[in-house]
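Step one of this worksheet: look at the structure below.
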Amino acid sequence: MFFPHISPDPVLAKRLEDVGCSTVMPLGSPIGSGRGVLALEEIQIIIEQSGVPVVVDAGLGVPSKHL
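Positions 5 to 71 (this note's numbering) are the ones given, in order, by the sequence shown.
Structural data, given as structure tokens:
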């Protein structure tokens with residue numbers, strides 16, 4: 005089982021699924037940037053085309069906003 009962190013690239017996500025990855029994890033933005041999700045359109049394409057779970061990592065805000 006592999007859960008690769010990837011750039012928000014729909015082609016790469018599909019290739020990883022095709023070689024057996026059970027989940028793909030596109031980055032919403034650079035980790036720790038606090039800039040929110042920057043690649044929303046690409047992530048939406050990944051979700052729509054994916055046959056495996058998609059876990060968006062990073063881009064969800066800074067921890068202090070969620071305390």
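Where a beta carbon is used, it is the ideal one built from N, C-alpha and C, also for glycine.
| Item | Value |
| --- | --- |
| Start-to-end residues for the alpha helix (DSSP H) that takes in A17 | P14 to D22 |
| Rounded straight-line distance, which links the Cα of Q48 to that of S37 | 21 Å |
| Spatial neighbours of L31 in its chain, beta-carbon cut-off 6 Å, leaving aside the 5 residues before and after | D61 and A62 |
| Where I49 falls: helix, strand or coil (DSSP) | helix |
| Close-in-space but distant-in-sequence residues of the same chain around V58 (CB under 8 Å, 5 per side omitted) | A17, T27, V28, M29, P30, I47, I50 and I51 |
| Beta-carbon contacts of P12 that lie in its chain and below 6 Å, excluding the five residues immediately before and after | P30, A43, E46 and I47 |
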